[in-house]
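For the sequence shown, the positions run 2 to 134 when our numbering is used.
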Amino acid sequence: MVMDKYATKRFDIEQEDAIDTAVLEAIPFEYPDSATEVVYETDEFTAVCPWTGLPDFARLVIRYLPHHSLVELKSLKYYLTSYRNVGILQEHAVNHILQDLVQLLQPVSMVVEAEYRERGGIKTKAVARWERG
Numbered sequence: 002m003v004m005d006k007y008a009t010k011r012f013d014i015e016q017e018d019a020i021d022t023a024v025l026e027a028i029p030f031e032y033p034d035s036a037t038e039v040v041y042e043t044d045e046f047t048a049v050c051p052w053t054g055l056p057d058f059a060r061l062v063i064r065y066l067p068h069h070s071l072v073e074l075k076s077l078k079y080y081l082t083s084y085r086n087v088g089i090l091q092e093h094a095v096n097h098i099l100q101d102l103v104q105l106l107q108p109v110s111m112v113v114e115a116e117y118r119e120r121g122g123i124k125t126k127a128v129a130r131w132e133r134g
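Next comes the structure, spelled out in C-alpha cells:
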C-alpha cells in the first residue's frame, strides 16, 4: 500500500489573534457630508488555509463612504500584512476586516471584497457589506 507522504504535511500557522488590529489608525475626514467614496485596492493580500497552511492570494478591495474618519494608509498596510501567516477561511477574512474597519472608522457604509486566485480548480469571491442603521 502506498502511503500519501503529504497526508501529515503541515506548515505552521498563526491563530486569528495574530491579526494586528492595534496598528490601525484613524485620521480626521474633513468633508463628512460630501458622499465621498474611498476605495483601497491591493493584489497582494495573503492569508493561509487553516487546515493545510497553504497560502491564499487575493485581490482585496475596500470601499467605503467615510463619516468623520479615514484609515491611515500605512497602518492599513501593516494591518493587512499581519494576515500573512494567519489560518483563516476566505469568507471569514473579509468579515474580520470589515468588522475591524467599521469599529475603527464608523463609516456611513463599507464593502470589503476579496477575489481569491484559483486553487484546486475553484476561484472564490467573498464580499462583506455593512451599512449604518
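We treat Cβ as the ideally placed atom computed from N, Cα and C, and that holds for glycine. Please read all numbers here as calculations on a predicted model, not as lab measurements.
Inter-residue distance for I14 and L81 is about 16 Å (C-alpha atoms, whole angstroms). Minimum Cα-Cα distance from V87 among the listed residues T125, E17, A8 corresponds to E17.
The secondary-structure analysis by DSSP pairs T125 across a beta bridge with Y117. Where T47 is concerned, the enclosing beta strand (DSSP E) starts and stops at 39-49. With contacts defined by Cβ atoms closer than 8 Å, L66 and V109 form a contacting pair.
A direct Cα-Cα distance of roughly 14 Å separates F12 from I89.
A residue is called buried once 16 or more other Cβ atoms fall within 10 Å of its Cβ, and L55, having fewer, is exposed.
The closest CA to that of Q104, considering only K6, D5, L25, V3, is found on L25. Of the residues E31, T53, L99, the one whose Cα lies closest to the Cα of M111 is L99. In the DSSP secondary-structure assignment, A27 is bridged to V72.
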